[in-house]
Amino acid sequence: MARASRAWQVLMRLRQVIKRPQTELRHENPYQLLVAVMLSAQCTDARVNQVTPALFAAFPTVEALAAAEPEDVLPYIRSVSYPNSKARHLVAAARRIRDEFGGAVPSSLKALESLPGVGPKTARVVASVAFGVAALPVDTHVYRVAHRIGLVRRARTPREVERRLKRQLPSHVWGEAHHLLILHGRYTCTARQPRCAQCVLTDLCDHYRRLQRLPAPLTGLDPRQGRYFCKRCRRYFDTPVYRTDRLEVEQVSCLNCGSLQVFDAKTGCSTRRVPDYRVR
1 MARASRAWQV LMRLRQVIKR PQTELRHENP YQLLVAVMLS AQCTDARVNQ VTPALFAAFP
61 TVEALAAAEP EDVLPYIRSV SYPNSKARHL VAAARRIRDE FGGAVPSSLK ALESLPGVGP
121 KTARVVASVA FGVAALPVDT HVYRVAHRIG LVRRARTPRE VERRLKRQLP SHVWGEAHHL
181 LILHGRYTCT ARQPRCAQCV LTDLCDHYRR LQRLPAPLTG LDPRQGRYFC KRCRRYFDTP
241 VYRTDRLEVE QVSCLNCGSL QVFDAKTGCS TRRVPDYRVR
């Protein structure tokens with residue numbers, strides 16, 4: 001299936017199982033959304049939602065935040081990742097909005113990216129959610145899911161994933177696709193243990209197909225003879241060597257013959273791994 005057709009099929013199926021494809025960051029206006037998205041960098045939405053009610057009560061407007069010092073903001077966000085730098089960025093961004101944009105969060109990507117602490121992904125999320133700008137931000141979930149399904153292959157950066165996805169989908173669904181892929185990655189196609197049994201995309205998914213092709217476990221192995229067992233040369237060994245396969249995954253290989261047909265002698269399971277596609 002062509003990738004554009006696959007992308008559309010993915011979108012259609014995820015629409016059926018994800019009824020509310022929207023951000024899970026709680027907000028009531030563009031100012032609150034900007035703050036929440038800035039706080040969510042390398043932090044969960046759930047954690048951000050725990051701290052923002054008190055933060056917004058203390059600093060309900062851009063002007064209130066701009067008048068504060070980072071030390072005033074820090075106690076409210078101490079439990080999120082990198083609280084010191086985020087406190088500085090929040091105050092600096094609020095002051096820039098107050099002084100250069102009349103106190104209103106700007107809607108253009110260029111203006112948003114000019115704010116301290118606002119990178120391309122944050123700018124795209126705010127522009128898309130708050131102002132309806134056609135954007136397809138790529139976070140760690142979108143990056144992982146797009147690669148696993150096979151919508152993109154070997155895209156080195158989130159920006160490259162974004163460019164390729166935009167070529168496959170019409171601009172009027174970019175924002176929706178962003179939320180569908182995020183939510184699918186957050187709750188079904190999770191990083192460590194994807195819930196393939198609950199997934200509606202398995203027949204379209206490269207990752208699932210690779211998992212099905214992994215060798216079946218071997219029985220009757222004796223871990224007392226060695227930590228690993230090579231099926232090709234029928235030998236046990238303790239010290240492996242590593243080879244990088246064609247998908248750029250480092251695999252355990254046999255010390256004697258170099259084969260990748262290696263099994264854990266204790267569990268009987270293959271040592272072969274499929275790509276996990278974390279953001280690099």
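Sequence positions in the sequence shown follow the numbering used here and run 1 to 280.
Even for Gly, the Cβ is constructed at its ideal location relative to N, Cα and C.
The structure displayed is predicted, hence computed values, not measured ones.
In summary, Ser79 is exposed, with fewer than 16 beta-carbon neighbours lying within 10 Å of its beta-carbon over all protein chains present. Residue pairing by DSSP puts Gln251 in a beta bridge opposite Arg243. By the Cβ criterion, the segment 171-188 is in contact with the segment 137-152, since at least three pairs of Cβ atoms, one from each stretch, lie closer than 8 Å. For the pair Val91 and Glu63, the CB atoms are not nearer than the 8 Å cut-off. Residue environment for Ser253: buried (at least 16 other C-beta atoms within 10 angstroms of its C-beta). For Phe229, the uninterrupted beta strand (DSSP E) run begins and ends at Tyr228 to Cys230, by DSSP. Three or more Cβ pairs closer than 8 Å define a contact, and the segment 111-126 meets that threshold against the segment 91-100. DSSP, read as helix, strand or coil, puts Asp264 in strand. Contact annotation: Gln168 and Arg272 have beta-carbon atoms that are not nearer than 8 Å.
Going by DSSP, Phe237 is part of the beta strand (DSSP E) stretching over Arg235 to Phe237. Between Arg163 and the set Ala54, Glu248, Lys121 and Ala191, the nearest pair of CA atoms involves Lys121. Under DSSP, Ser270 shares a beta bridge with Phe263. In the three-state DSSP reduction, His27 falls in the coil class, being neither helix nor strand. Under the three-state reduction of DSSP, Gly185 is assigned to helix. In the structure shown, Gln168 adopts helical secondary structure according to DSSP, grouped into three states.
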